[in-house]
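Enquirer:
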Amino acid sequence: MSIAISVSQLSKKYHLYSKGLDRVKEWLTFGKMSFHKEYWALRDINFTVERGRTFGIIGQNGAGKSTLLKILSGVSHPSGGTFAVNGRVASLLELGAGFHPEFSGRENVFMNATLMGLSRDEIRQKMPEIIRFSELGAYIDQPVKTYSSGMYARLGFSVAINVEPEILVVDEVLAVGDTYFQSKCLDRLNQLHEEGMTILFCSHVLYQVQAICDQVLWLDHGSIRQIGRPEKVVEAYRQFIRQKDRGRHGEHVRQMDTSKPYLEFVEPPTPPVLSTGDNLHLSLRYSIPAQYKNVVLGVNLQEDQTTLFATASHNAGVQLAGEGVVHLVLKHIPLLNGVYTLSFMLADQNWATIYDRLPNACSFHVESSANMAGKCYIETEWMLSTE
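Numbering-wise (our numbering), the sequence shown opens with residue 10 and increments by one.
1) Looking only at C-alpha atoms, which of 239, 372, 203 and 339 sits nearest to residue 290?
2) Taking the CB atoms as reference points, tell me whether residue 271 and residue 296 lie closer together than 8 Å.
3) Just to check my reading of the structure: residue 16 and residue 55 have Cβ atoms closer than 8 Å, yes? What is that Cβ distance to the nearest angstrom?
4) Just checking my contact of residue 206 with residue 177 at CB under 8 Å: how many whole Å lie between their CB atoms?
5) Starting from residue 217, trace the alpha helix (DSSP H) in both directions and tell me its first and last residue.
6) Give me the Cβ distance between residue 102 and residue 84, rounded to the nearest whole Å; I'm assuming they're in contact under 8 Å.
7) Kindly indicate which three-state DSSP category residue 44 falls into: helix, strand or coil?
8) From the DSSP output, read off the bridge partner residues of residue 49.
9) Per the contact definition of three or more C-beta pairs closer than 8 Å, is the segment 146-157 in contact with the segment 197-211?
10) Under a Cβ-count criterion, where at least 16 other Cβ atoms within 10 Å of its own Cβ denotes burial, should residue 238 be classed as buried or exposed?
11) Give me the Cα-Cα distance between residue 224 and residue 352, rounded to the nearest whole angstrom.
12) I'd like to confirm the pairing. Which residues does DSSP put opposite residue 210 in its beta bridges?
13) When the Cα of residue 348 is compared with those of 304, 329 and 248, which residue comes out closest?
14) Per DSSP, which one or two residues make a beta bridge with residue 315?
15) Counting only runs of 4+ residues fully inside the segment 87-147, write out the alpha helix (DSSP H) ranges in chain order.
16) Which partner residues of residue 349 appear in the DSSP bridge assignment?
17) Alpha carbon to alpha carbon, what distance is there between residue 377 and residue 388?
18) Compute the distance between the beta-carbons of residue 317 and residue 310, then report whether it is under 8 Å.
19) Measuring alpha carbon to alpha carbon, tell me which residue in 373, 274 and 228 is nearest residue 313.
20) Could you check where the beta strand (DSSP E) with residue 233 kicks off and where it finishes?
21) Give the secondary structure of residue 393 by DSSP, where H, G and I count as helix, E and B as strand, and everything else as coil.
22) Taking residue 133 as the reference, which of 144, 120 and 145 has the closest Cα?
23) Given this structure, state the Cα-to-Cα distance separating residue 91 from residue 38, to the nearest angstrom.
24) To the nearest angstrom, report how far apart residue 96 and residue 149 are at their CA atoms.
25) Are the beta-carbon atoms of residue 146 and residue 190 separated by less than 8 Å?
26) Could you have a look at residue 271 and say whether DSSP puts it in helix, strand or coil?
27) I need the boundaries of the beta strand (DSSP E) containing residue 292, first residue and last residue.
28) For residue 392, count the other beta carbons within 10 Å of its own beta carbon; 16 or more makes it buried, fewer makes it exposed. Which is it?
29) Spatial neighbours of residue 30 within its chain, please: C-beta separation below 6 Å, excluding the five flanking residues on both sides.
30) When burial is assigned at 16 or more other CB atoms within 10 Å of the CB, is residue 364 buried or exposed?
31) Taking the alpha-carbon positions, what's the residue 303 to residue 371 distance?
32) How would you label residue 322, buried or exposed, when you count the other beta carbons within 10 angstroms and need 16 or more for buried?
33) By Cβ distance, which residues of its chain are closer than 7 Å to residue 47, with the 5 residues on each side in sequence left out?
And the structure:
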């Protein structure tokens, strides 16, 4: 296959000034005196993307993901190294990038599509599909400064996929949309992938990356930590995040403030391996001073950043008071293969005040032998009839 994107020894350096006047002082000395610190957002990045592939980029905030995509989109210039992008690029970078806030959605479509090389007649032909996919309706003729973040994302994505780029760059903008539109966009990305479009996809939602990407790059502090098959790179990144979470939330000794509600594990949790349908047993110790009334224990089950299930003690008629231990059993967990995380908190019954929390406190791995796709198991019954 031909190469759509090639990157060799790519680096990006920024000058950081502790004071605003330091920049002026450096300029006045014609660079003979330095008042800045060097910050390398990217350093010696190398990879290639074959045409028609979907290439994922993951990493923590500040890892250099957006900087890399800006360079490949032509928005920023590298400090060193070379890169080649072979094909017309449509980019979805920062939310609202490329939109004029005073222009209507329709006017912004014309402006963006013209910059992409489309004629006005071509844009008029594509406008109904752009409006249909974005589902903006009459809002297409309103100034985009009146749009919500989700509406910005809808319009930006609709324009990008309809200007028929050879390479599509998507940087986190889908995270602001509602679940329905995210699913709609992912379905369209899969369709474009099947049609042979090259896609760069950056997201913190790891199951999305693993579902649609052929290859994944993990950036860490501006350098490549790992590159390869999605399942291997994503799992390595998940393990890295779990270790950091355990170090931040589980391995240090928390100082008890006896004047406020307090929550801790009876024993430090370990990440067990479960099978679909197993029970998970947890025990947490709580302390609630007498002046606090109607305190509830909340439980949040997540995969990556997506909440799959949440409940609280008062939903089961359990009243917490004084000091004690609550034994929690998550029964017959209907989850399929994946790594899942539990968070806990003590709060008032209206959730207006959080007294104590254990975020990302316990992870567990579900292994399923069932030949099924998705995230949850639903028992089914099949019957045949001649009528």
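Virtual Cβ for every residue (Gly too), placed ideally from N, Cα, C.
Expert: Reading it off the structure:
1) Relative to the Cα of residue 290, the nearest Cα in the group 239, 372, 203 and 339 belongs to 339.
2) In contact: residue 271 and residue 296 (Cβ atoms closer than 8 Å).
3) Sure, about 6 Å apart at Cβ, within 8 Å.
4) Beta-carbon to beta-carbon, residue 206 and residue 177 are separated by about 6 Å, close enough to satisfy the 8 Å threshold.
5) Start and end: 215-221.
6) Distance from residue 102 to residue 84 at the Cβ level is roughly 7 Å; contact confirmed, criterion being Cβ atoms closer than 8 Å.
7) If DSSP states are grouped into helix, strand and coil, residue 44 belongs with coil.
8) 22, per the DSSP bridge assignment.
9) Taking 8 Å as the limit for Cβ pairs, the verdict is that the segment 146-157 does not touch the segment 197-211.
10) Exposure of residue 238 is indicated by the presence of fewer than 16 other C-beta atoms within 10 angstroms of its C-beta.
11) Residue 224 and residue 352: Cα-Cα distance of roughly 31 Å.
12) Secondary-structure assignment with DSSP links residue 210 through a beta bridge to 65 and 179.
13) The residue with the shortest Cα to Cα distance from residue 348 is 248.
14) Residue 315 pairs with 312.
15) Here the runs fully enclosed are 114-124 and 129-143.
16) According to DSSP, which records beta bridges pairwise, residue 349 is partnered with 373.
17) The C-alpha of residue 388 lies about 14 Å from the C-alpha of residue 377.
18) Taking 8 Å as the cut-off, the Cβ atoms of residue 317 and residue 310 count as close.
19) For the options 373, 274 and 228, the alpha carbon positioned closest to that of residue 313 is the one of 373.
20) Here the beta strand (DSSP E) through residue 233 covers 232-237.
21) Note: residue 393 maps to coil in three-state DSSP.
22) When each option's Cα is compared against that of residue 133, the closest is 120.
23) Their Cα atoms are separated by approximately 31 Å.
24) Their Cα atoms are separated by approximately 29 Å.
25) With respect to the 8 Å criterion, residue 146 and residue 190 are not classified as neighbours on the basis of their beta carbons.
26) Of the three classes helix, strand and coil, the one that applies to residue 271 here is strand, per DSSP.
27) First-last of the beta strand (DSSP E) with residue 292: 289-297.
28) Taking all protein chains shown into account, residue 392 has fewer than 16 neighbouring C-beta atoms within 10 Å of its C-beta and is therefore exposed.
29) Take residue 30, set aside five residues on each side of it, and no residue of its chain has a beta-carbon closer than 6 Å to its own.
30) Looking at its Cβ environment, which holds 16 or more other Cβ atoms inside 10 Å, residue 364 is buried.
31) Taking the straight line joining both Cα atoms gives about 25 Å.
32) Counting Cβ neighbours within 10 Å, residue 322 comes out buried, since at least 16 surround it.
33) For residue 47, where only same-chain residues beyond five positions count, the Cβ hits under 7 Å are 22 and 24.
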